[in-house]
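In what follows, a structure is listed as C-alpha cells, so that the remarks can point back to it.
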Amino acid sequence: MTKAELVAKIAEKNGTSKAQAEASMNAILDIIQDELAAGNKLTLTGFGTFSVSERKARTGRNPRTGAEIKIPATKVAQFKPGKVLKDAVK
Numbered sequence: 001m002t003k004a005e006l007v008a009k010i011a012e013k014n015g016t017s018k019a020q021a022e023a024s025m026n027a028i029l030d031i032i033q034d035e036l037a038a039g040n041k042l043t044l045t046g047f048g049t050f051s052v053s054e055r056k057a058r059t060g061r062n063p064r065t066g067a068e069i070k071i072p073a074t075k076v077a078q079f080k081p082g083k084v085l086k087d088a089v090k
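Here the sequence shown is numbered in UniProt numbering, starting from 1 and rising by one per residue.
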C-alpha cells in the first residue's frame, strides 16, 4: 500500500476529504519524526513503540574488494509492534 492509497482509505473511513486526511497523516508523521530526532520514545498503546537505538562503530568488509572498512557509530529508528498488532497479524 502506498501513502496515497492510505490517505484515500483514511478519508473514506472518516468521511473527510483526501486533503484533510493527508494533512492529518503528515502531522502525525512529523510528530513521530520530531520525537525520534529528539531521542524520545513514542508509544501507541496496542499498536507499538517507536524508539531510537545506537549502533556502535564496527569494522566491515567491502564485498567487492574484501578490504576492511570502518563503519561509524550511528542512531537508527526502531519499531516494536504491540500485542494487539501482533495478534491481528497472526
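Just so it is clear, CB atoms sit at the ideal spot from N, CA and C, and this is done for glycine as well.
Just so you know, these numbers come straight off a predicted model, no measurement behind them.
Cβ-based burial, residue i [other Cβ within 10 Å; buried from 16]
{"i": "residue 76", "result": "exposed"}
{"i": "residue 89", "result": "exposed"}
{"i": "residue 7", "result": "buried"}
{"i": "residue 21", "result": "buried"}
Per-residue DSSP class, three states only, for residue i
{"i": "residue 53", "result": "strand"}
{"i": "residue 70", "result": "strand"}
Range of the contiguous beta strand (DSSP E) that encloses residue i
{"i": "residue 80", "result": "74 to 81"}
{"i": "residue 94", "result": "The requested residue 94 is not part of the displayed model; the chain covers only 1 to 90."}
{"i": "residue 65", "result": "No beta strand (DSSP E) contains residue 65, which DSSP labels as neither H nor E."}
{"i": "residue 46", "result": "Element bounds for residue 46: n/a, residue is neither H nor E."}
Limits of the unbroken alpha helix (DSSP H) element including residue i
{"i": "residue 26", "result": "18 to 37"}
Proximity below 9 Å, CB of residue i to CB of residue j
{"i": "residue 54", "j": "residue 61", "result": "no"}
{"i": "residue 35", "j": "residue 42", "result": "yes"}
{"i": "residue 50", "j": "residue 82", "result": "no"}
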